[in-house]
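Visitor: Numbering (our numbering), first residue to last: 282 to 367. Before we start, here is the structure in question, set down as structure tokens.
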């Protein structure tokens, strides 16, 4: 079995929130997707990925911002990892 990995960055920590960023990786070698190779996300929400057969295996830990840094820009913090096996 080979693994396909889909990383979705959502607008909030809810799986039904809009996708704001994404990456895909193909362990089979059949395709070579890269970050930024498309203008449209593969799914509108994390729930859509689940409905299409992707298995959620990791969600980022929710860490509150340090006091006084609530509006600083940084990494995309609502990160979800999905996989499909083939």
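Idealized CB from N, CA, C, for every residue including glycine. These numbers come from a predicted model, not from an experiment.
Could you give the residue range of the alpha helix (DSSP H) that holds residue 368?
Guide: The structure shown does not extend to residue 368, since the chain is modelled only from 282 to 367, so the question has no answer here.
Visitor: Is the stretch 292-307 in contact with the stretch 318-328, if contact means three or more CB pairs nearer than 8 Å?
Guide: Yes, since at least three Cβ pairs between the stretch 292-307 and the stretch 318-328 fall closer than 8 Å, the two stretches touch.
Visitor: Since residue 360 is in the beta strand (DSSP E), which residue starts that stretch and which ends it?
Guide: 360-366 is the span of the beta strand (DSSP E), which, as asked, contains residue 360.
Visitor: At a threshold of 6 Å, does residue 312 count as lining the ligand NAD (C-beta to nearest heavy atom)?
Guide: No copy of the ligand NAD appears in this structure; indeed no ligand is present at all.
Visitor: Quick one: what does DSSP say residue 337 is sitting in, helix, strand or coil?
Guide: Note: residue 337 maps to strand in three-state DSSP.
Visitor: Considering Cα atoms alone, identify which of 367, 361, 366, 365 is closest to residue 295.
Guide: It is 361 whose Cα lies nearest to the Cα of residue 295.
Visitor: Apart from the five residues on each side of it in sequence, which residues of its chain come closer than 8 Å, Cβ to Cβ, to residue 344?
Guide: Excluding residues within five positions, the ones whose Cβ falls inside 8 Å are 358.
Visitor: Would a C-beta distance cut-off of 7 Å place residue 282 and residue 366 closer than the cut-off?
Guide: Closer than 7 Å, so yes.
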